[in-house]
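> Numbering (full-length UniProt numbering), first residue to last: 1 to 473. I'd like to ask some things about the structure below.
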Ligand code: URP
Ligand code: ZN
Ligand code: ZN
Ligand code: ZN
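Encoded structure:
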């Protein structure tokens, strides 16, 4: 059935205009003024509302074995929460544990998602070790359309990799035209500082931030940039949290390193005092890199407004209160992560656009278009164009509400943003032409989400290997 959205104000990363949008099947087929209503079409009056391209969250954890437990969401709960909040595509990180091969990790992650996700999804392929099996599987996965990797310069003895593995991963990425995303901290410094603090009897969640201070993240960021420079690979720093790390990334960019920057919604709105609350109340706010001194937020907002920060993601990673209690008496055992998948868009709109001077175009760019461009999804995703997937968010700027765990659809028992006011929310959300959300409730098909396969970067001739690989089939 066709769907006609009338009179909405269409906002993309670079345009703002009022028009009708006709959707036939899964695709936008016409955009124009006073379009004819096809027989049997559903008509939605979007007067007084915005129409945005579906939002993209490029950093999400759903199935994650981490710190002795698993993140709480399933693909059903995470995808429906995402859609209610206007996110129509997310990129999950696939992170094989030490006990499994990359191939079996791929099987595990895709089995978890397949048939259970209501929104479209794809994966950053985690490189958690370097060996023959890993390299071969990476080549196969890239030729199958998984064209971004993830590395951890953190979490020593868990997902973290050594410099030799980093070097090999980046060389392969350069050859295949793959963007490498990286968690940037100096893992050894974190480990030493953690041991030192514990030995001094400093065991509560308030010591998490001092165990991985700003310098440690700036050092990890500079280190990653140096390796990009030596290999010519294209990189993407995830969840950048502070002004020093930002400077390290911008300095690298200045000297020609191909480096994109992501920050996540908790770092724009929450600060270290949240994690300084006593006991499990503080543990709820333990994530890495940690929530920082509030002074950093001005630098993040400024860089977001001028486009130095490319994307705003969530790093959605829900652990409930009982799981957070695993770190009672030892902050290094608190499962790291804060949920945000449902609230990212509304929070960024409220505190960025309505209250912070972020332009509507940059808001769309940072929360949708730029991720689509960097990760090979554009213009199918991240655009409102004839021929694009009909992933659309009809957004009601008149809505007023409050974030609360009580009304959240994430599978968790607390919200990191409890009590935050919201000035706007999605009224209707479509995924490839079907309505998935109306007025804050999921009304779609729970298993309709598709695994998105993406082309490699077409860069400077560095993609020869990928081309040959594809030709070999
Ligand atoms: O604390 C965090 N960020 N948890 C999720 C894993 C990661 O580092 O992204
Ligand atoms: Zn991380
Ligand atoms: Zn993460
Ligand atoms: Zn509900």
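Every residue gets a Cβ at the ideal spot worked out from N, C-alpha and C, and that includes glycine. This structure is a prediction, so every number in the text was calculated from the model and none was measured.
(1) Quick one: is residue 146 buried, meaning 16 or more other Cβ sit within 10 Å of its Cβ, or exposed?
(2) Is the Cβ-Cβ distance between residue 86 and residue 426 less than 8 Å?
(3) Can you give the beta carbon distance from residue 265 to residue 218, rounded, assuming they're within the 8 Å contact cut?
(4) Out of 212, 97, 177 and 379, which one is the CA nearest neighbour of residue 188?
(5) Under three-state DSSP, which class holds residue 152?
(6) Just to confirm, is the Cβ distance from residue 335 to residue 69 under 8 Å?
(7) Could you name the residues that DSSP lists as bridge partners for residue 263?
(8) Going by DSSP, name the residue or residues bridged to residue 122.
(9) Helix, strand or coil for residue 422? Go by DSSP, reduced to three states.
(10) Using CA coordinates, which residue listed in 167, 283 and 405 is at the minimum distance from residue 326?
(11) Using only CA atoms, which one of 301, 404 and 410 lies nearest to residue 418?
(12) Using a threshold of 7 Å, is the CB atom of residue 317 nearer than that to any non-hydrogen atom of ligand 3?
(13) Would you mind listing the beta strand (DSSP E) stretches within the region 280-329 that are 3+ residues and don't spill past its ends, in chain order?
(14) Got a sec? Which residues, its chain only, sit under 7 Å from residue 158 by beta carbon, not counting five neighbours each side?
(15) Using a Cβ-Cβ cut-off of 7 Å (strictly less than) and excluding sequence neighbours within five positions of residue 360, which residues of its own chain qualify?
(16) Is residue 220 helix, strand or coil by DSSP?
(17) With DSSP run on the structure shown, which of helix, strand or coil describes residue 532?
(18) Could you tell me whether any non-hydrogen atom of ligand 1 is closer than 7 Å to the CB of residue 168?
(19) Considering residue 208, what are the terminal residues of the alpha helix (DSSP H) in which it resides?
(20) With burial defined as no fewer than 16 other Cβ atoms inside 10 Å of the residue's Cβ, what is the status of residue 33: buried or exposed?
(21) Is it right to say residue 164 is buried, meaning 16 or more other beta carbons lie within 10 angstroms of its own, or is it exposed?
(22) Is it buried or exposed, residue 120, if we count other Cβ atoms within 10 angstroms and call 16 or more buried?
(23) Among residues of its own chain, excluding the 5 on either side of residue 384, which ones have a beta-carbon nearer than 6 Å to its beta-carbon?
(24) So does residue 337 have its beta carbon nearer than 7 Å to some heavy atom of ligand 1?
(25) Kindly indicate which residue of 142, 105, 96 and 138 has the alpha-carbon position closest to the one of residue 128.
Working from what's here:
(1) buried
(2) yes
(3) Not quite, the Cβ-Cβ distance comes to about 21 Å (not below 8 Å), so this is no contact.
(4) 212
(5) strand
(6) yes
(7) 312
(8) 91
(9) strand
(10) 283
(11) 404
(12) yes
(13) 311-313
(14) none
(15) 11, 16 and 353
(16) helix
(17) Because the chain in this structure spans residues 1 to 473, residue 532 falls outside the shown range and cannot be described.
(18) no
(19) 208-211
(20) exposed
(21) exposed
(22) buried
(23) 10, 12 and 53
(24) yes
(25) 96
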